[in-house]
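Input: a single structure, listed below in structure tokens.
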Amino acid sequence: MSLKYTVEHEWVRPEGPMACVGITHHAQDALGDVVFVELPEVGSHFDQGAVAGVVESVKAAADVYMPISGTVTEVNEALRDDPSLANTDPLGAGWFFKVQASEPAQIDALMDEAAYATLVGQ
Amino acid sequence: MSDNPLLKTPLHGLHLSLGARMVPFAGYDMPVQYPAGLMTEHKHTRAAAGLFDVSHMGQIRLVGAEAAHALESLIPMDVMGLGLHQQRYGLLLNEQGGIIDDLMFVNRGDDLLLIVNGACKANDLAHIQAQIGQRCQVIPLHEQALLALQGPSACQALARLMPGVSSLVFMTGGFFTWQGHDLYITRSGYTGEDGFEISVPQAAASPLAQALLAQDEVAPIGLGARNSLRLEAGLCLYGQDMDVHTTPVEAGLNWAIQKIRRSAGDRAGGFPGADHVLAQLDGRTPVHRRRVGLQALDRVPVREHTELQSMDGQRVGEVTSGLLGPSIDQPIAMAYVDTAHALIGQRLNAIVRGKAVPMQIAPMPFVPNRYHRGPK
């Protein structure tokens with residue numbers, strides 16, 4: 001299924017009742033070389049829009065927001081070990097965490113590819 | 123300042139053509155990084171040579187027989203004893219001994235050339251003009267650009283254009299000619315590496331930058347890497363690691379105050395805030411906080427304004443600069459810490475997003491300096 005996007009530059013890939021979350025190509029490009037990520041704890045619940053993690057480059061730190069309400073089921077340990085995956089493969093190996101959506105309709109309401117491209121001016 | 127359009131350096135068009143990401147800095151539209159990215163640019167400078175546009179910085183000439191004597195009334199440095207083409211680091215102080223700006227000054231024979239911070243240059247010029255404008259001519263060089271070429275291969279690359287530069291040693295300068303343009307070049311910089319700063323007429327700045335970038339060793343480097351390089355080198359950034367509320371002693375810059383200007387020196391005092399600064403230097407007045415270097419014991423970057431606590435949870439200081447040092451591959455920081463805790467090896471906790479990140483006070487520079495001091 002195709003990706004959905006937030007105004008905070010996260011992407012969401014729906015996988016049944018689950019959703020995989022990462023930061024967009026635009027976000028990693030704006031941040032520059034990612035050197036550190038802080039990921040949420042598995043099992044913790046977040047409301048949509050809550051701060052669920054942190055991504056830091058040499059020059060800046062940015063919050064990662066929960067795109068949909070839900071419970072974290074898995075985090076990307078490989079990203080913790082090698083934060084540069086967020087730069088080299090932001091939509092693939094650089095994913096951040098997976099969430100069990102508590103309100104799946106929130107996923108449908110996120111931006112599609114075209115709307116996000118307009119947002120970032122591409 | 124925010125109402126004014128951003129100024130452009132003579133290299134602005136070159137930055138754009140190189141694909142730089144531009145940001146506002148000190149009133150100028152400046153390159154923060156090029157497509158290679160901060161990390162690559164930083165490491166390239168330590169491995170080969172990096173070219174920096176620092177034309178936003180202010181260049182001021184002081185001219186006249188009284189110039190050196192007059193400048194000594196504004197800074198606690200030995201200016202009169204400075205040999206021909208020798209350069210020194212200096213600090214403009216206010217009446218409380220607070221730092222108005224830091225600067226480099228070099229004795230060029232017919233004048234003193236001052237290089238001051240871009241964000242401070244208008245204030246510095248007004249201050250210098252008001253204080254010593256009666257004793258010497260104070261001439262801002264608006265028509266000059268400034269390039270820095272830094273790194274272990276900087277000399278090799280620059281010497282291909284101007285062979286004479288290899289005879290300069292750290293903190294000396296000289297006049298050079300390149301394609302009919304008069305340049306003044308000092309062997310100095312702000313990265314901890316060997317390198318040069320080149321004062322060049324605006325019209326020649328872009329051709330010279332392109333001639334340098336055409337050398338195999340040289341890559342363009344943005345302000346992002348300039349910041350990480352200077353922090354690894356333990357060098358203060360004005361406005362962040364020191365300001366008008368900081369004295370030279372608190373900032374750990376005692377080394378910059380020559381003996382001749384200290385108590386019992388031949389030209390002791392006679393600069394703004396001398397009573398307070400000399401009392402701190404002599405230990406007659408307690409120094410409540412000091413600038414220190416910190417290394418994180420985890421990989422969590424610790425940034426400016428982060429609170430520092432002692433192991434028993436008391437607030438003992440604050441980080442003023444911090445990032446993951448690309449060469450040292452570890453989070454590093456500068457901070458001001460209560461004197462009682464400002465000891466090498468002291469453990470402190472940085473409070474990052476509510477969690478304690480263990481840090482240790484470490485000697486600076488974090489990465490050894492590699493200045494070219496010449497034969498012993």
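Protein sequences appear in the order of chains A and B.
For the first sequence, the working numbering assigns the number 1 to the initial residue and increments by one for each residue that follows.
For the second sequence, the working numbering assigns the number 123 to the initial residue and increments by one for each residue that follows.
Yeah, the Cβ is synthetic: ideal placement off N, Cα and C, and Gly gets one too.
Note that the structure is predicted; figures quoted are calculated from it, not measured.
Asked, Found
"Just mark residue 118 of chain A as buried or exposed, buried being the case when its beta carbon has 16 or more other beta carbons within 10 Å.", "exposed"
"Would you report the Cα separation of residue 9 of chain A and residue 137 of chain B, rounded to the nearest angstrom?", "27 angstroms"
"In whole angstroms, give me the CA-to-CA distance for residue 371 of chain B and residue 400 of chain B.", "9 angstroms"
"Using a Cβ cut-off of 7 angstroms (strictly closer), state whether residue 123 of chain B contacts chain A.", "Confidence in residue 123 of chain B is poor, its pLDDT being 47 and thus under 50, which makes the residue's placement too unreliable to answer from."
"Quick one: measure Cβ to Cβ for residue 200 of chain B and residue 383 of chain B, integer angstroms, because I've assumed they're closer than 8 angstroms.", "6 angstroms"
"Going along the chain, which residues of its own chain have a beta-carbon closer than 8 angstroms to the beta-carbon of residue 135 of chain B, five neighbours each way excluded?", "328"
"I want to know whether the segment 266-278 of chain B touches the segment 200-215 of chain B - three or more CB-CB distances under 8 angstroms.", "no"
"Can you tell me where the alpha helix (DSSP H) holding residue 328 of chain B begins and where it ends?", "324-335"
"Between which two residues does the alpha helix (DSSP H) harbouring residue 168 of chain B extend?", "160-169"
"Looking at C-alpha atoms only, which residue of B:192, B:303 and B:415 is the closest neighbour of residue 252 of chain B?", "B:192"
"Run down chain B in chain order and give the residues with a C-beta less than 9 angstroms from the C-beta of residue 27 of chain A.", "Within chain B, no residue comes near residue 27 of chain A; the closest Cβ sits about 14 angstroms away, beyond 9 angstroms."
"Return helix, strand or coil for residue 374 of chain B, following the three-state DSSP convention.", "coil"
"Answer with buried or exposed for residue 101 of chain A, where buried requires no fewer than 16 other C-beta atoms within 10 angstroms of its C-beta.", "buried"
"Look up residue 136 of chain B in the DSSP assignment and say whether it is helix, strand or coil.", "helix"
"Please identify, using Cβ separations under 7 angstroms, the residues of the segment 141-168 of chain B that lie next to chain A, in order along the chain.", "155, 159, 160 and 161"
"Return the residue from the list B:257, B:307, B:407 and B:266 that minimises the CA-CA distance to residue 281 of chain B.", "B:307"
"Taking contact to mean at least 3 C-beta pairs separated by less than 8 angstroms, is the segment 255-263 of chain B in contact with the segment 295-303 of chain B?", "no"
"Leaving out five residues before and five after residue 130 of chain B in sequence, what residues of the same chain have Cβ atoms less than 8 angstroms from its Cβ?", "150 and 151"
"Could you check whether the segment 445-459 of chain B touches the segment 383-399 of chain B, counting it as contact only if at least three pairs of C-beta atoms, one from each stretch, sit closer than 8 angstroms?", "no"
"From residue 202 of chain B to residue 379 of chain B, what does the alpha carbon distance come to, in whole angstroms?", "13 angstroms"
"For residue 323 of chain B, which option in B:224, B:343 and B:267 has the closest C-alpha, if you only look at C-alpha atoms?", "B:267"
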